[in-house]
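Number of protein chains: 2
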Amino acid sequence: MEQRRADNIRQTLEQLIITGAFADGERLDEIRLSQRFSVSRTPLREAFQMLAASGLVELVPRRGAYVRHPGIVELVEMFEVMAELEGMCGRLAARRLTDDALNEIKQAASDCETALESGDSDAYYDENERLHNLLYAASGNSFLAAEARKLQRRLQPFRRMQLRVRGRLMQSMDEHRAIVAALENGDAEAAERELRSHIAVQGEKFNDLMAHYNQSKLKRAV
Amino acid sequence: MEQRRADNIRQTLEQLIITGAFADGERLDEIRLSQRFSVSRTPLREAFQMLAASGLVELVPRRGAYVRHPGIVELVEMFEVMAELEGMCGRLAARRLTDDALNEIKQAASDCETALESGDSDAYYDENERLHNLLYAASGNSFLAAEARKLQRRLQPFRRMQLRVRGRLMQSMDEHRAIVAALENGDAEAAERELRSHIAVQGEKFNDLMAHYNQSKLKRAV
DNA sequence: GTCAAGATTTTTGTATACAAGATTTGCAGT
DNA sequence: ACTGCAAATCTTGTATACAAAAATCTTGAC
Numbered sequence: 000m001e002q003r004r005a006d007n008i009r010q011t012l013e014q015l016i017i018t019g020a021f022a023d024g025e026r027l028d029e030i031r032l033s034q035r036f037s038v039s040r041t042p043l044r045e046a047f048q049m050l051a052a053s054g055l056v057e058l059v060p061r062r063g064a065y066v067r068h069p070g071i072v073e074l075v076e077m078f079e080v081m082a083e084l085e086g087m088c089g090r091l092a093a094r095r096l097t098d099d100a101l102n103e104i105k106q107a108a109s110d111c112e113t114a115l116e117s118g119d120s121d122a123y124y125d126e127n128e129r130l131h132n133l134l135y136a137a138s139g140n141s142f143l144a145a146e147a148r149k150l151q152r153r154l155q156p157f158r159r160m161q162l163r164v165r166g167r168l169m170q171s172m173d174e175h176r177a178i179v180a181a182l183e184n185g186d187a188e189a190a191e192r193e194l195r196s197h198i199a200v201q202g203e204k205f206n207d208l209m210a211h212y213n214q215s216k217l218k219r220a221v
Numbered sequence: 000m001e002q003r004r005a006d007n008i009r010q011t012l013e014q015l016i017i018t019g020a021f022a023d024g025e026r027l028d029e030i031r032l033s034q035r036f037s038v039s040r041t042p043l044r045e046a047f048q049m050l051a052a053s054g055l056v057e058l059v060p061r062r063g064a065y066v067r068h069p070g071i072v073e074l075v076e077m078f079e080v081m082a083e084l085e086g087m088c089g090r091l092a093a094r095r096l097t098d099d100a101l102n103e104i105k106q107a108a109s110d111c112e113t114a115l116e117s118g119d120s121d122a123y124y125d126e127n128e129r130l131h132n133l134l135y136a137a138s139g140n141s142f143l144a145a146e147a148r149k150l151q152r153r154l155q156p157f158r159r160m161q162l163r164v165r166g167r168l169m170q171s172m173d174e175h176r177a178i179v180a181a182l183e184n185g186d187a188e189a190a191e192r193e194l195r196s197h198i199a200v201q202g203e204k205f206n207d208l209m210a211h212y213n214q215s216k217l218k219r220a221v
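Residue numbers (numbering that gives the first Met the number 0), protein chains in the order written: chain A, 0 to 221; chain B, 0 to 221.
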């Protein structure tokens, strides 16, 4: 038996919202959801609080919880901030990196290459995430690392879409090589620049991508 | 009559925690607090969720809510991130700033000077906060602005301590002038650099400050 | 005196009950 | 038919009740 229903509900709802099971602006009905999950409204409401804190839903007093999907504008804004944070991680990591951490990062980058060669974009995605998480930790600033992980988590489904674009995998891998090289040389400026553009590229190209997939992709991904 | 007790309680507790009424690691007793605020445990627990989301308390399953004051290390880390975010705001603002926004910022800077001349450090603090908030908005990235405000809010009491250090007010004002000048010239690089160091200086000097005030200040500020 | 195991008390987590604000429905009047 | 108002209904917010886990206390053996 699970220990805390509120946490499980938060996780489940988070996944449902992120994958698009709920439309933007849709109200999360406490009673229906409590029946659906076979729990009372109490843990549900606690889950709502957590979701509101991470920006996935908006809590309107006396009105209820409404899911808030980021629009194109907000997404681009979030990518812009993510680029800055990752760049910062790179800059700090280049200065503070230990040998062990560098080796771990190299290993993750190499695992990315392996996934790329076998054409497994899901595996590439996982290794890529690991690589970036290692980088955050290598910044030596755990507050920064936590913030970066939070934002990464929120952008997760959109990054994943990016990786499905033709040629993006190869390009991403090239960028990884440049990043690792910069870290190896202790070149803080290069590491920052490479990482920033590695992320910024995703935000900048997002409009194109959305035009291409034309809303349908996200909404179908229920 | 208020509409949502949970919100009021969150605000009150937030203030109490920030001002140091609760020691680091202290458990927030649901029953005692519910008696103190004359409410039931339900809204209290919702307030706990919100406080946990902003990092002021840690929710340990089946154990309760424990207040978490940032240590020196975490504070320095937070200032490091704040410096980056403010620098980013400056860089973007220098590029995207409208005339109206620039005028507002100039006005706020001038109000800072007025407060400085009258030696009113509290008024200076308020105007300073206004100036920075305007800058965040001027970045044209509302997600960034929101993140910056969140972090500013959390660092608020520590920034305030900074301003009480001898000579810091004058120095801060000089930095403001440099920032405004950079924005006026549309010099993104300079704006970023000036803002970053404007904040970084606070983090870097924090160790000294803490040594000077030697823990006592924060704990007395109950 | 110390330690361990079991009983007792607290305390958290969840369900349910109730109060009050928001929304919808129905009806009267034009 | 349409508007305005009031009653009924629904929904949120809060209090209380109850279950289960953690902490504390008691007791007994060594």
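Note that beta-carbon positions come from the ideal geometry of N, C-alpha and C, so glycine has one too.
Is any beta-carbon of chain B found at less than 8 Å from that of residue i?
i	result
Arg21/A	Correcting the residue type first, residue 21/A is Phe in the shown sequence and not Arg. Judged by the 8 Å Cβ criterion, Phe21/A is not in contact with chain B.
Pro60/A	yes
Glu45/A	yes
Leu32/A	no
Leu217/A	Because Leu217/A carries a pLDDT of 47, less than 50, the predicted location of this residue cannot be relied on, and the following value inherits that uncertainty. Chain B, which has no Cβ nearer than 8 Å to the Cβ of Leu217/A, makes this no.
Ala52/A	yes
Ala92/A	no
Please check if any C-beta of chain A sits within less than 8 Å of the C-beta of residue i.
i	result
Leu134/B	no
Glu83/B	yes
Leu96/B	no
Leu168/B	no
Gln114/B	Rather than Gln, the amino acid found at residue 114/B in this sequence is Ala. Closer than 8 Å: no.
Arg26/B	no
Met160/B	no
Ala220/B	Residue placement at Ala220/B cannot be trusted, given a pLDDT of 47 that sits under 50; the coordinates are not used to answer.
With a threshold of 8 Å on Cβ separation, who are the neighbours of residue i within its own chain once the five nearest residues in sequence on each side are excluded?
i	result
Leu150/A	Met77, Val80, Met81, Leu84
Gly202/B	Leu74, Val75, Met77, Phe78, Glu79, Met81, Ala82
Ala107/A	Glu126, Arg129, Leu130, Leu133
Arg195/B	Ala82, Glu83, Glu85, Gly86, Gly89
Among residues of its own chain, excluding the 5 on either side of residue i, which ones have a beta-carbon nearer than 6 Å to its beta-carbon?
i	result
His68/B	Asp23
Arg26/A	Gly63, Tyr65
Ala137/A	Ala92, Leu96, Ala100
Gly54/B	none
Ala51/B	Leu58
Glu103/A	Leu133
Ala177/A	Glu193
Ile16/B	Leu55, Val66
Ser120/B	Leu162
Met49/A	Arg9
Determine the closest residue to residue i out of the options, with distance taken between C-alpha atoms.
i	options	result
Cys88/A	Glu112/A, Gln34/A, Met49/A, Arg148/A	Arg148/A
Arg44/A	Val72/A, Gln201/A, Leu12/A	Leu12/A
Arg9/B	Gln201/B, Ala46/B, Gly86/B, Thr18/B	Ala46/B
Glu126/A	Lys105/A, Ala51/A, Glu191/A, Ala189/A	Lys105/A
Thr18/B	His197/B, Ser37/B, Ala114/B, Arg153/B	Arg153/B
Arg94/A	Pro60/A, Arg129/A, Gly139/A	Gly139/A
Ala5/B	Arg31/B, Ile30/B, Leu15/B, Phe36/B	Phe36/B
Leu235/A	Glu128/A, Gly70/A, Gly185/A, Pro42/A	Any question about residue 235/A goes unanswered here, given that chain A covers just 0 to 221.
Ala122/A	Leu182/A, Leu143/A, Arg90/A, Arg159/A	Arg159/A
Asp275/B	Val179/B, Asp119/B, Arg61/B	This structure cannot settle anything about residue 275/B, because the visible part of chain B is limited to 0 through 221.
Phe157/A	Leu143/A, Phe205/A, Ser120/A	Phe205/A
Arg279/A	Arg3/B, Ala144/B, Ala145/B, Leu182/B	Missing from the structure shown is residue 279/A; chain A here goes from 0 to 221 and no further.
Val72/B	Val200/A, Leu143/A, Gly185/A, His197/A	Leu143/A
Going along chain A, which residues have a C-beta under 8 Å from residue i?
i	result
Ala137/B	Those within 8 Å of Ala137/B in chain A number zero; the least Cβ separation is about 14 Å.
Which bits of chain A does residue i rub up against, with CB to CB less than 9 Å?
i	result
Glu146/B	Val80, Glu146, Leu150
Leu194/B	Ordered by position in chain A, no residue passes the 9 Å Cβ test against Leu194/B, which lies about 13 Å from the chain.
Kindly list, in the order they appear in chain B, the residues whose Cβ is closer than 7 Å to that of residue i.
i	result
Phe157/A	By Cβ distance, chain B contributes nothing, its closest Cβ being about 14 Å from Phe157/A, past 7 Å.
Glu73/A	Phe142
Met49/A	Gln48, Ala52
Met87/A	Glu83
What in chain B is Cβ-close to residue i, meaning under 8 Å?
i	result
Glu76/A	Asn140, Ser141, Phe142, Leu143
By the criterion of Cβ-Cβ separation under 7 Å, what are the contact partners of residue i in chain A?
i	result
Arg3/B	Pro60
Less than 7 Å between C-beta atoms, sequence neighbours within five positions excluded: which residues of the same chain meet that for residue i?
i	result
Met172/A	Cys111, Glu112, Leu115
Arg90/B	Ala187, Ala190, Glu191
Which whole runs of the alpha helix (DSSP H) in the region 37-88 of chain B are 4 residues long or more, in chain order? Listed in chain order, the complete alpha helix (DSSP H) runs (minimum 4 residues) inside the region 37-88 of chain B are 40-52.
In chain order, which beta strand (DSSP E) runs of at least 3 residues are fully inside the region 93-127 of chain A? Counting whole runs of 3 or more residues, the region 93-127 of chain A contains no beta strand (DSSP E) stretch at all.
Just list the beta strand (DSSP E) runs in the region 147-178 of chain A, keeping only unbroken ones of 3 residues or longer that don't cross its boundaries, in chain order. The beta strand (DSSP E) runs of length 3 or more contained entirely in the region 147-178 of chain A do not exist; there are none.
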